[in-house]
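Asker: Residue numbers (the working numbering), protein chains in the order written: chain V, 553 to 671; chain B, 553 to 671. Starting off with a structure, shown below.
There are 2 protein chains.
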Amino acid sequence: MAFDASTLSYNADGLLPVVAQDAESGEVLMLAWMNAEAVARTLETGRVTYWSRSRQAFWVKGETSGHLQTLVEMRIDCDRDALLVLVDQVGPACHTNRRSCFYTGVRDGTEVVLSDPMV
Amino acid sequence: MAFDASTLSYNADGLLPVVAQDAESGEVLMLAWMNAEAVARTLETGRVTYWSRSRQAFWVKGETSGHLQTLVEMRIDCDRDALLVLVDQVGPACHTNRRSCFYTGVRDGTEVVLSDPMV
């Protein structure tokens, strides 16, 4: 079946959550948001393109930082209201310069920082 | 720092997106939602507990199906508005009886089913 970004289920703001996973290592790098146009642009360009809720603008991941995300494969979940993108990530995915945004663990009721910024 | 579920950032409905990842294989299994109480219950019980938006009720994953998710570790992202739970998943995570909800890939503009229901 031909894929059409308009057939996905978006929230009231026209967005759906997107999980980015390192296609090689399997590490979950980040969670961000796309609207239908961002989904279409990501597939067209191969550069993962989110919608920035804070800036209310398209956000080509790494366009300013150089830490580009190249799409390896997009996957749709069973309810069609979330996406998984397998990516080739250059450098850190997180704005804190860490590889993954999920660098804080909860262990025995305490928050523990699990990784350092990349150098 | 002691973890307090109320310090996370929730949306207007009091929810945040949660990515469940197989702690062993690294496979991303599903994306669902928690409110602060579901986060606290998950940590207290070790059974991953979501908030069902369709049923507007707590949803102890696998409570009826037997396909329990046991928490291995909870991780918080840099913006504190998304969670990653590393889990031990019994059987399929998806209601279609597939291991992962993300079983549809987009390849060359076409939707392709990548995995079959578990038997």
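All C-beta atoms in this analysis are idealised placements derived from N, C-alpha and C, irrespective of residue type, glycine included.
Please compile the residues from chain B whose C-beta is within a distance smaller than 7 Å of the C-beta of VAL571 of chain V.
Answerer: VAL571, VAL580 and LEU583
Asker: Looking only at its own chain, which residues have a Cβ that is under 6 Å from the Cβ of ARG650 of chain B, when we skip the five neighbours before and after it?
Answerer: PRO644, SER667 and PRO669
Asker: When you compare only the Cα positions, how much space is there between LEU583 of chain B and GLU589 of chain V?
Answerer: Looking at the two C-alpha atoms, the distance is approximately 22 Å.
Asker: For LEU567 of chain B, go through chain V and note every residue whose CB falls closer than 7 Å to its CB, in chain order.
Answerer: Going along chain V, no residue has its Cβ under 7 Å from LEU567 of chain B, so there is no contact; the nearest lies around 11 Å.
Asker: Can you check whether the C-beta of ARG627 of chain V is within less than 8 Å of a C-beta belonging to chain B?
Answerer: Closer than 8 Å to the CB of ARG627 of chain V there is at least one CB belonging to chain B.
Asker: Using a Cβ-Cβ cutoff of less than 7 Å, which residues in the same chain neighbour ARG605 of chain B once the five nearest sequence positions on both sides are dropped?
Answerer: TRP585
Asker: Sorted by chain position, which residues of the same chain lie with C-beta nearer than 8 Å to SER652 of chain B's C-beta, five sequence neighbours on each side aside?
Answerer: GLU579, VAL580, LEU581, MET582, ALA645, CYS646 and SER667
Asker: With contact counted as at least three CB pairs below 8 Å, one residue from each stretch, are the segment 563-574 of chain V and the segment 633-641 of chain V in contact?
Answerer: yes
Asker: Does the beta-carbon distance from ALA557 of chain V to ALA609 of chain V come in below 8 Å?
Answerer: Not a contact, by the Cβ cut-off of 8 Å.
Asker: Please classify THR622 of chain V: does DSSP put it in a helix, a strand, or coil?
Answerer: strand
Asker: In terms of alpha-carbon separation, which member of B:ASP574, B:LEU595, B:VAL642 and B:TYR655 lies closest to VAL619 of chain B?
Answerer: Here the sequence assigns His to residue 619 of chain B, which means Val is not the residue at that position. The candidate whose alpha carbon is nearest that of HIS619 of chain B is B:VAL642.
Asker: Quick one: using the 10 Å Cβ neighbour count with 16 as the cut-off for buried, is LEU559 of chain V buried or exposed?
Answerer: It should be noted that the sequence gives Thr, not Leu, for residue 559 of chain V. Classification of THR559 of chain V: exposed, given that the 10 Å Cβ count is below 16.
Asker: Please say whether ALA572 of chain B and VAL517 of chain B have beta carbons closer to each other than 8 Å?
Answerer: Absent from the model: residue 517 of chain B. The displayed extent of chain B is 553 to 671, so no value can be given.
Asker: Helix, strand or coil for ALA584 of chain B, going by three-state DSSP, please let me know.
Answerer: strand
Asker: Look up ARG599 of chain V in the DSSP assignment and give the residues it is bridged to.
Answerer: V:THR622
Asker: Excluding the five sequence neighbours on either side, which residues of its own chain have a C-beta within less than 6 Å of the C-beta of ARG599 of chain B, listed in chain order?
Answerer: VAL612
Asker: Would you check if the distance between the CB atom of VAL658 of chain B and the CB atom of ILE628 of chain V is smaller than 8 Å?
Answerer: yes
Asker: Please list the partners that LEU620 of chain V has in chain B, where partner means a Cβ-to-Cβ separation under 8 Å.
Answerer: Within chain B, no residue comes near LEU620 of chain V; the closest Cβ sits about 19 Å away, beyond 8 Å.
Asker: Looking at the secondary structure, which residues open and close the beta strand (DSSP E) in which GLY657 of chain V lies?
Answerer: 656-659
Asker: Run through chain B and tell me which residues come within less than 8 Å of VAL658 of chain V, C-beta to C-beta.
Answerer: Those are PHE555, LEU595, GLU625, MET626, ARG627 and ILE628, listed as they occur along chain B.
Asker: Using beta carbons (cut-off 8 Å, strictly below), is GLU589 of chain V in contact with chain B?
Answerer: no
Asker: Just the Cα atoms here: how many angstroms apart are THR601 of chain V and VAL639 of chain B?
Answerer: 29 Å
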